[in-house]
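Colleague: First, the structure itself, so that you have it in front of you.
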Amino acid sequence: MADLGGKAPSVRRVESIRYGLGWNRPGWRRAAVAFSRCLLLAAAVCAAQASGGPGHAAIASAHPLATQAGFEILDQGGNAFDAAVAVSAVLAVVEPQSSGIGGGGFWLLRRAADGKTVMLDGRETAPLAARPDMYLDARGEPRPRASLDGALSAGIPGLPAALVRLSKDYGRLPLAQSLTPAIRHAENGFAVGRRYARAAKDREAALRQSPAASAIFLDRGTAPQAGFRLVQKDLAETLRRIARQEHAGFYGGMTARLLVQGVRDGGGIWQAGDLAGYRVVERAPVRGRYRGIRITSAAPPSSGGTVLLEALNILSAYDLDGMDALTRKHLVIEAERRAYRDRDLYLGDPGFVRMPLSRLLSPDYAEGLRVAIRPDRALPSSALSAPQASSSQGDNTTHFSLIDGEGNLVAATLSINNSFGSGFVPPGTGVLLNDEMDDFATAPGKPNAYGLVGGGANAIAPGKRMLSSMSPTFLETQDRTAVLGTPGGSRIISMVLLAVLDFAQGHGAESWVSAGRFHHQYLPDVVEYEPGGLSEEDIRGLESRGHTLKPTGYRYGDMHAVQWDRVRNRLSAASDPRGEGAAAVK
Numbered sequence: 095m096a097d098l099g100g101k102a103p104s105v106r107r108v109e110s111i112r113y114g115l116g117w118n119r120p121g122w123r124r125a126a127v128a129f130s131r132c133l134l135l136a137a138a139v140c141a142a143q144a145s146g147g148p149g150h151a152a153i154a155s156a157h158p159l160a161t162q163a164g165f166e167i168l169d170q171g172g173n174a175f176d177a178a179v180a181v182s183a184v185l186a187v188v189e190p191q192s193s194g195i196g197g198g199g200f201w202l203l204r205r206a207a208d209g210k211t212v213m214l215d216g217r218e219t220a221p222l223a224a225r226p227d228m229y230l231d232a233r234g235e236p237r238p239r240a241s242l243d244g245a246l247s248a249g250i251p252g253l254p255a256a257l258v259r260l261s262k263d264y265g266r267l268p269l270a271q272s273l274t275p276a277i278r279h280a281e282n283g284f285a286v287g288r289r290y291a292r293a294a295k296d297r298e299a300a301l302r303q304s305p306a307a308s309a310i311f312l313d314r315g316t317a318p319q320a321g322f323r324l325v326q327k328d329l330a331e332t333l334r335r336i337a338r339q340e341h342a343g344f345y346g347g348m349t350a351r352l353l354v355q356g357v358r359d360g361g362g363i364w365q366a367g368d369l370a371g372y373r374v375v376e377r378a379p380v381r382g383r384y385r386g387i388r389i390t391s392a393a394p395p396s397s398g399g400t401v402l403l404e405a406l407n408i409l410s411a412y413d414l415d416g417m418d419a420l421t422r423k424h425l426v427i428e429a430e431r432r433a434y435r436d437r438d439l440y441l442g443d444p445g446f447v448r449m450p451l452s453r454l455l456s457p458d459y460a461e462g463l464r465v466a467i468r469p470d471r472a473l474p475s476s477a478l479s480a481p482q483a484s485s486s487q488g489d490n491t492t493h494f495s496l497i498d499g500e501g502n503l504v505a506a507t508l509s510i511n512n513s514f515g516s517g518f519v520p521p522g523t524g525v526l527l528n529d530e531m532d533d534f535a536t537a538p539g540k541p542n543a544y545g546l547v548g549g550g551a552n553a554i555a556p557g558k559r560m561l562s563s564m565s566p567t568f569l570e571t572q573d574r575t576a577v578l579g580t581p582g583g584s585r586i587i588s589m590v591l592l593a594v595l596d597f598a599q600g601h602g603a604e605s606w607v608s609a610g611r612f613h614h615q616y617l618p619d620v621v622e623y624e625p626g627g628l629s630e631e632d633i634r635g636l637e638s639r640g641h642t643l644k645p646t647g648y649r650y651g652d653m654h655a656v657q658w659d660r661v662r663n664r665l666s667a668a669s670d671p672r673g674e675g676a677a678a679v680k
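Next up, the structure:
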């Protein structure tokens, strides 16, 4: 049986066969590979039987090639964590507008063998030379787009380090094997879709400012149409160095030298020590309950789990199913208003700030917040104390959800912040850098382009991780286990909240990812809603209760979810119809 804490014993045995019996001979090579795969598959079957897992797997991700890569690695004897490496890396190649090895993310893991549940924090960090005022002019005003475009806007990437940790500590296959699909797609290219084309058009000006980015992501200097073949030779070579040298393949050696030199030549402030000092952090996720559902979600520096649970604690005293739809929506909005307020006031990087998490997650605290909620009237956000600083979040992120045959779970939300991140590629790397520095609170008292207002807990500091709303989440009852999450910037939490409420009503994954969406984030004091997210009757009713409403004009989010019905031992998977993803059970 495989040792889930590291490489399978069968792998080690096959490696000794390779080198002891003339591995360089073609016949022996083919035989050893076949033998290795047979042993790995047998180990996987035994592990599934021993753990009481479903015996088959489900994957839902934002791109068909990523979902395909996950199953490719499972078919080779990998577990959910090996598959998560493959899916993460392929998304980094085929969705450069949403994620990449120049970005970061959070991986929520559950290991079936021993029940270990952990969040891998691969969030970016501020460079060591970062300063709280680095994006302000002499008058203390934000310099236009300084934290959004170009090398200065990039935090130190965490995704490569997270892939290495995920493979070494939780997978059973060699990292190089799990990275093979991503290297293949980067080297050979693939046809981009409509989402890529739209995003490239939106960010065309920023991409043109970086010659290396323009050469890769644009078609002779202009945004390409859907069907354009995107080939990323330099990225393929960077991925190969990671495959060969693991952590040192990105954070040291040639890649690190090219990254630092390129950033500094582009006006950024990276140093070799920024990369050499980067580490993934394993964190205990936040946990709570809502009407018999056990909820596990992202911990700070993500605000996702805390805000989600605070809102659910507020709502837990109401019989939402027994009331009219308008009052239900009104109460959800009022719960969001209060939970998002606390996000802005208190949350940040736990390595730098002390947060009252016990209080924020307490049912007693939720009861106190509930006292001021009227079922017939909105409370203006101005009636609540205001924060003192601003922060922003891009909504170009990605997510995937995964259950394997053993019952291992992975929910992962990955990002480079805004579309195509900073728009900057250090020459020779193929690595599109994030613009996550814009997620910090950069200008006291001033809302940003997204209208978000945050507190001093999220101020810029050297080595600090910026606050996030990414919310990879597990939901569990006696009969069902769900894995879900979505991109969407500040709207992520409200989307997951609506999905939890839908799960509580007994609906399945297709319903969670398809349902209409609305959102309130404390400031600005408006209810945003997508087309179909609220009915005309809802709109009139909420306005009569004092809410200000604003249509988004487009459907937002890209949720991907899987569910295990343990009573019938049936898996299901669903990808958001708003996106271009793929969900499958095999």
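Take the sequence shown: its position 568, counted from the start at 1, is 662 in this note's numbering, and no numbers get skipped.
Here a beta-carbon is modelled for each residue, glycine too, at the ideal position from N, C-alpha and C.
Comparing alpha-carbon positions, which option in S495, E218, G462 lies nearest L202?
Modeller: S495
Colleague: Quick test of your reading: A668 and V607, contact by CB under 8 Å. State the CB separation rounded to the nearest angstrom.
Modeller: Taking C-beta atoms under 8 Å as the contact rule, A668 and V607 qualify, at a distance of about 5 Å.
Colleague: Can you grab the Cα-Cα spacing for the pair T730 / P394, in whole Å?
Modeller: Since the first residue shown for the chain is 95 and the last is 680, residue 730 is missing from the structure and cannot be characterised.
Colleague: What residue range is occupied by the uninterrupted alpha helix (DSSP H) comprising A270?
Modeller: Looking at the DSSP string, the run of the alpha helix (DSSP H) that includes A270 is 269-282.
Colleague: Hey, is the stretch 208-225 in contact with the stretch 552-561, meaning 3+ C-beta pairs nearer than 8 Å?
Modeller: yes
Colleague: Please classify Q162: does DSSP put it in a helix, a strand, or coil?
Modeller: helix
Colleague: For S247, which of helix, strand or coil comes out of DSSP?
Modeller: Reduced to three states, the DSSP call for S247 is helix.
Colleague: Per DSSP, R358 forms a beta bridge with which residues?
Modeller: Answer is none; R358 lacks a bridge partner.
Colleague: From N528 to P469, what does the alpha carbon distance come to, in whole angstroms?
Modeller: Cα atoms of N528 and P469: separation of roughly 42 Å, rounded to the nearest angstrom.
Colleague: Rank D619, V661, D670, S666 by C-alpha distance to the C-alpha of H654 and give the top, closest one.
Modeller: D670
Colleague: Can you tell me the Cα-Cα spacing of A677 and L242, whole angstroms?
Modeller: 32 Å
Colleague: The alpha helix (DSSP H) spanning F344 covers which residue range?
Modeller: 342-345
Colleague: If we require 3 or more residues per run, which beta strand (DSSP E) segments fall completely within the stretch 334-420?
Modeller: Along the length of the stretch 334-420, whole beta strand (DSSP E) runs at least 3 residues long occupy 375-377, 380-384, 387-391, reported in chain order.
Colleague: Can you tell me the Cα-Cα spacing of I510 and Q191, whole angstroms?
Modeller: Roughly 8 Å separates the two Cα atoms.
Colleague: When the Cα atoms are used, what is the spatial distance from L384 to G462?
Modeller: Just to set this straight, residue 384 is Tyr in the shown sequence, not Leu. About 17 Å.
Colleague: Does the separation of the CB atoms of L267 and G171 fall below 8 Å?
Modeller: The beta carbons of L267 and G171 sit closer together than 8 Å.
Colleague: For F534, which three-state DSSP category applies?
Modeller: coil
Colleague: Within the continuous alpha helix (DSSP H) that includes I587, where are the two ends?
Modeller: 586-598
Colleague: Give me whichever residues DSSP pairs with F200 in a beta bridge.
Modeller: D215, T507
Colleague: Could you have a look at L527 and say whether DSSP puts it in helix, strand or coil?
Modeller: coil
Colleague: Check E500 in the structure and name its three-state DSSP category.
Modeller: coil
Colleague: Spell out a yes or no on whether the stretch 245-258 and the stretch 583-593 are touching, meaning 3 or more CB-CB pairs, one atom from each, closer than 8 Å.
Modeller: no
Colleague: Would you list the residues sitting across from I153 in a DSSP beta bridge?
Modeller: Assignment of beta-bridge partners to I153 by DSSP yields L496, A678.
Colleague: Taking only the alpha-carbon atoms, compute the straight-line gap between W122 and A270 and give it to the nearest angstrom.
Modeller: Confidence at W122 is low in this model, with a pLDDT of 44, below 50, so the placement of that residue is unreliable and no value is reported for it.
Colleague: Using the C-alpha atoms, what's the distance from I167 back to A128?
Modeller: Caution applies to A128, whose pLDDT of 46 falls short of 50 and renders its modelled position unreliable; the value that the coordinates give is listed next. For A128 and I167, the distance between alpha carbons rounds to 15 Å.
Colleague: Tell me which residue opens and which closes the beta strand (DSSP E) that R664 is part of.
Modeller: 664-669
Colleague: For R358, which residues of its own chain have a beta-carbon under 7 Å away from its beta-carbon, when the five flanking residues on both sides are left out?
Modeller: Excluding positions up to five away in sequence, the list reads W364.
Colleague: Mind checking who G170 pairs with in its DSSP beta bridge?
Modeller: Residue identity check: residue 170 is Gln in the sequence provided, not Gly. In DSSP, Q170 forms no bridge with anything.
Colleague: On a Cα-Cα basis, can you pick out the residue from A320, G445, V426 that is closest to L473?
Modeller: V426
Colleague: With respect to the alpha helix (DSSP H) encompassing Y229, which residues constitute its N-terminal and C-terminal limits?
Modeller: Here Y229 belongs to no alpha helix (DSSP H), and DSSP marks it neither H nor E.
Colleague: According to DSSP, is L463 part of a helix, a strand, or is it coil?
Modeller: helix
Colleague: Just reading off the beta strand (DSSP E) that K644 is part of, what are its end residues?
Modeller: 643-645
Colleague: Beta-carbon separation of A280 and Q355 under 8 Å?
Modeller: no
Colleague: State the DSSP-derived secondary structure class of D438, mapped to helix, strand or coil.
Modeller: helix
Colleague: Quick check on K210: buried or exposed, where buried means 16 or more other Cβ atoms within 10 Å of its Cβ?
Modeller: exposed
Colleague: Look at R660 and T575 and say whether their C-beta atoms are less than 8 Å apart.
Modeller: yes
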